[in-house]
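Written out below as structure tokens is the structure these notes cover.
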Amino acid sequence: MTLVKFVVILAVFELCIGIPVDVPAHDLEDEDDIHPHVHARKYQRPDDISQKYWNDEAQKELKEALALELNTNVAKNVILFLGDGMSIPTLTAARVYKGQQLLQSGEEGNLVFEKFDHVGLSKTYNVNKQVPDSAGTGTAYLTGVKTNYKMIGVDARVQYNECKTQVEGTNLYSIIKWAQDAGKKTGVITSTRITHATPAATYAHVANRNWESECNIDEENKKNCPRLKDIARQLVEDEPGSKINVIMGGGFQCFDANITVIPGDPEDPDPNACERQDGRQLWKDWIKNKEKQGVKHAFVRNKSQLNKVKDDTEFLMALFANGHIPYEHVKREKHMDLPTLPEMTEKAIKMLSNPEGFVLLVEGGRIDHAHHDTKAHRALDETIFLDQAVEHAMHLTKKEDTLIVVTADHSHTMTINGYPERGQDILGFAGVADDGLPYTTLMYANGPGSNYTVAVDDTGVYSSVRLNLTGAPINSWEYTQMSTVPRESETHGGDDVAIYASGPMSHLFHNNHEQNYIAHAMAYAACIGANRDHCKNRHSHSNRAHRKRQKSAASKQVVINIMMLNVIVITWILL
3 MTLVKFVVIL AVFELCIGIP VDVPAHDLED EDDIHPHVHA RKYQRPDDIS
53 QKYWNDEAQK ELKEALALEL NTNVAKNVIL FLGDGMSIPT LTAARVYKGQ
103 QLLQSGEEGN LVFEKFDHVG LSKTYNVNKQ VPDSAGTGTA YLTGVKTNYK
153 MIGVDARVQY NECKTQVEGT NLYSIIKWAQ DAGKKTGVIT STRITHATPA
203 ATYAHVANRN WESECNIDEE NKKNCPRLKD IARQLVEDEP GSKINVIMGG
253 GFQCFDANIT VIPGDPEDPD PNACERQDGR QLWKDWIKNK EKQGVKHAFV
303 RNKSQLNKVK DDTEFLMALF ANGHIPYEHV KREKHMDLPT LPEMTEKAIK
353 MLSNPEGFVL LVEGGRIDHA HHDTKAHRAL DETIFLDQAV EHAMHLTKKE
403 DTLIVVTADH SHTMTINGYP ERGQDILGFA GVADDGLPYT TLMYANGPGS
453 NYTVAVDDTG VYSSVRLNLT GAPINSWEYT QMSTVPRESE THGGDDVAIY
503 ASGPMSHLFH NNHEQNYIAH AMAYAACIGA NRDHCKNRHS HSNRAHRKRQ
553 KSAASKQVVI NIMMLNVIVI TWILL
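Listed below in structure tokens is the structure:
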């Protein structure tokens, strides 16, 4: 009997100590969330035709909302994920696309960051444009000041392509510099050229976003401003660019006057990324500078070399392509020796992690390029990889000390239209229009996909006839979606974009904000920049809050211990 009692009590004891204790973290809910797998099964429609299903789902979400506690800690780390051109319709379509890759309907699913605790909106206009570009918007959300169209790191007093107007006091400095001034490590990674608008806004100051290389600066500006530096030079030679710890992206030809063209890495034909004409090899200058400083550094060109870089390396420059890094699906199909955006993100976080913290910008830049070409399939796939990069960051950091913000710089003209059935292929047909021809669910207001012919009837009346898409390869990576207004390149959109935030002070994102507010909110959370002084009180408040949580956890443990003791005593008596 004694042995039986002992076994029973031991079992009860183990059951009791299995009661979970709340541990705040960015960690995901379970292993399947961290390492998702595609399940080879047929999609089964959820039991959503019943009232009970919807009521239960709503009550579950309501309980989660009521249990939400504000995280007022100081953000040791800040990670900004920027989906270039990642409009709200792009997010919706990508969410469906993601679910359908898992053989689900897709509409009911979520991108990882769509479940963040706090959500807001961002008004994206430039000072002088209703519909913005990535240079003006990048300046806004990184420096905290809105500026003109096609300007990087300068205020609105500067005139486009006029270096003489870039006088003292017009330069704007980004959250990357604020972080460096506070003793934090910094990183910038992108799937575009590292000199492109978004990454350049972290370190450069130019009156023309196209001054990526000196060959793009016209002779008049060179004459008027002899000391004028192109964007690539500013990254290598000037602060804060020269102090960025982790640099990953494309654009090698902006750093070298004699590039090597190899299969899979052609010369970028974009005139804004012209090969240097000054004979300089800036990447070698970067290496020499690090050698003079006596710091551990690495320069790499591919994934194999990146994997050999140790996490304690202090400075990394990785230029993976002459131009933009190829689309993710191209890397997969051609088995290219190039890292994915999630892999770059993971490497950057491991290298940047330190007791003082870090600030990191991660740009999924090719979402925008796919939209400009009206190739929706590519845009959705690139969005999924940004989502995976966010998931990696969540797994590698803690919610209690890392602020993660996900947003876009601007929208695009893609829309989700028609009345497709639930679970309909998001890349497929929505139905048949009044002209008797099919049309796709995803379409653009303008772009290269405008394909109409003019017909004249017997009475001489002119009419336009759409292209018949029956049998067209609408799921192909190369398929160009239909668009209404003909343009060689589709334009941006002027509608608001979403902001998702998780971690310390994420509740600061709570309504429809001016885009420049994003930089101020992130800096406030991290106690850097103009918000450093006020944080003395924040630190003490954060410590008090931490002690309060510790006390609460201790109280929970006392209650659990009492419950265990009571159960053991009762069990002993009953036996």
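3 is the number of the first residue of the sequence shown in our numbering; add one for each residue after it.
Just so it is clear, CB atoms sit at the ideal spot from N, CA and C, and this is done for glycine as well.
Among K224, L237, Q132, H198, the one whose alpha carbon lies nearest that of P273 = The shortest Cα separation from P273 among K224, L237, Q132, H198 belongs to H198.
Between the C-alpha atoms of H412 and D157, what's the straight-line distance to the nearest angstrom?
-> Rounded to the nearest angstrom, the two C-alpha atoms are 19 Å apart.
Cutoff 7 Å; reference A395; Cβ partners in own chain excluding five residues on either side | The residues are I81, T347, I351, I406.
Using the rule of at least 16 other Cβ atoms within 10 Å of the residue's Cβ for burial, across every protein chain shown, is E170 buried or exposed?
-> E170 should be labelled exposed.
Nearest to Y143 by CA position, among T126, K336, Y151, Q132, is which residue?
-> Just measuring C-alpha positions, the residue of T126, K336, Y151, Q132 sitting nearest Y143 is T126.
What are the boundary residues of the beta strand (DSSP E) that R582 is part of?
-> Because the chain here runs from 3 to 577, residue 582 falls outside it and cannot be looked at.
Residue(s) in a DSSP beta bridge with R195 = Beta-bridge pairing links R195 to G252.
What is the C-beta distance between M416 and H373, in whole angstroms, given that I count them as a contact (C-beta under 8 Å)?
-> M416 to H373, Cβ: 6 Å. Contact.
Grab me the residues of N112's own chain with a C-beta within less than 7 Å of its C-beta, minus the 5 sequence neighbours each way, in chain order.
-> Around N112: R97.
Contact belief for I501 with I520 at Cβ below 8 Å, rounded distance in angstroms = At roughly 7 Å, the Cβ-Cβ gap stays under 8 Å, so I501 and I520 are in contact.
What are the uninterrupted segments assigned as alpha helix (DSSP H) that are 4 or more residues long and contained completely in the stretch 119-188, given in chain order?
-> Unbroken alpha helix (DSSP H) runs of no fewer than 4 residues, entirely contained in the stretch 119-188, are found at 136-145, 177-183, following chain order.
Could you spell out the range, first to last residue, of the alpha helix (DSSP H) harbouring V98?
-> Run containing V98: 90-103, per the alpha helix (DSSP H) assignment.
Which partner residues does I501 have in the DSSP bridge list?
-> As DSSP reads the structure, I501 sits in a beta bridge with G122, T409.
Cα-Cα, which of Y99, H326, K400 is closest to M250?
-> Comparing Cα-Cα distances from M250 to each of Y99, H326, K400, the minimum goes to H326.
Simplified DSSP state of V332, which is helix, strand or coil | Helix.
Collapsed DSSP secondary structure at N419 in the structure displayed | Here N419 sits in coil by DSSP.
Any Cβ of chain B within less than 8 Å of the Cβ of I219?
-> Here there is only one protein chain, and chain B is not present.
D258 - partner residues in DSSP beta bridges | Under DSSP, D258 takes part in a beta bridge, and its partners are Q283.
Span separating the alpha-carbon of H582 from that of V121 = This structure leaves residue 582 out entirely; the chain is present only between 3 and 577.
Residue(s) in a DSSP beta bridge with F360 | Residue pairing from DSSP places F360 in a beta bridge opposite K187.
Can you tell me where the alpha helix (DSSP H) with V80 in it begins and where it stops?
-> Careful: V80 lies outside any alpha helix (DSSP H), inside the beta strand (DSSP E) at 79-85.
Compute the beta-carbon to beta-carbon distance between Q1 and K179, rounded to the nearest angstrom, for a pair I have assumed lies under 8 Å.
-> No answer is possible for residue 1: the residues shown for the chain start at 3 and end at 577.
Keeping to the same chain, check which residues put their C-beta closer than 7 Å to that of E164; ignore five residues upstream and five downstream.
-> Cβ neighbours of E164 beyond the five flanking positions: A209.
Determine, using beta-carbon pairs with one atom in the stretch 460-479 and one in the stretch 493-507, whether at least three such pairs fall under 8 Å.
-> The stretch 460-479, when compared against the stretch 493-507, does not touch it at the 8 Å Cβ threshold.
Measure the alpha-carbon distance for N79 versus V248 and round it to whole angstroms.
-> CA-to-CA, the gap between N79 and V248 works out to about 15 Å.
Going by CA-CA distance only, name the one from N128, L321, F83, V160 that's closest to R195.
-> Considering only alpha carbons, the answer is L321.
For the alpha helix (DSSP H) holding H397, just list the boundary residues, first then last.
-> H397 -> alpha helix (DSSP H) spans 378-398.
Under a three-way DSSP split, which group does I530 fall into?
-> Three-state DSSP puts I530 in coil, outside helix and strand.
Please determine if the stretch 311-321 and the stretch 286-299 are in contact, where contact requires at least 3 C-beta pairs separated by less than 8 Å.
-> Cβ pair count under 8 Å is three or more, so yes.
For the alpha helix (DSSP H) that contains Y55, what are its first and last residues?
-> Looking at the DSSP string, the run of the alpha helix (DSSP H) that includes Y55 is 53-68.
For L388, which of F83, I154, K54, E110 has the nearest alpha-carbon?
-> The candidate whose alpha carbon is nearest that of L388 is F83.
Cβ of K187 within 8 Å of Cβ of L343?
-> In this structure, L343 does not lie closer than 8 Å to K187 by Cβ.
Does the beta-carbon distance from H522 to G146 come in below 8 Å?
-> Yes, the Cβ-Cβ distance between H522 and G146 is below 8 Å.
Reducing DSSP to helix, strand and coil, say where E492 ends up.
-> If DSSP states are grouped into helix, strand and coil, E492 belongs with coil.
Return yes when the Cβ of Q106 is within less than 8 Å of the Cβ of I428, no when it is not.
-> No, Cβ-Cβ distance for I428 and Q106 is not below 8 Å.
Is the beta carbon of A378 less than 8 Å from the beta carbon of L444?
-> Yes, Cβ-Cβ distance for A378 and L444 is below 8 Å.
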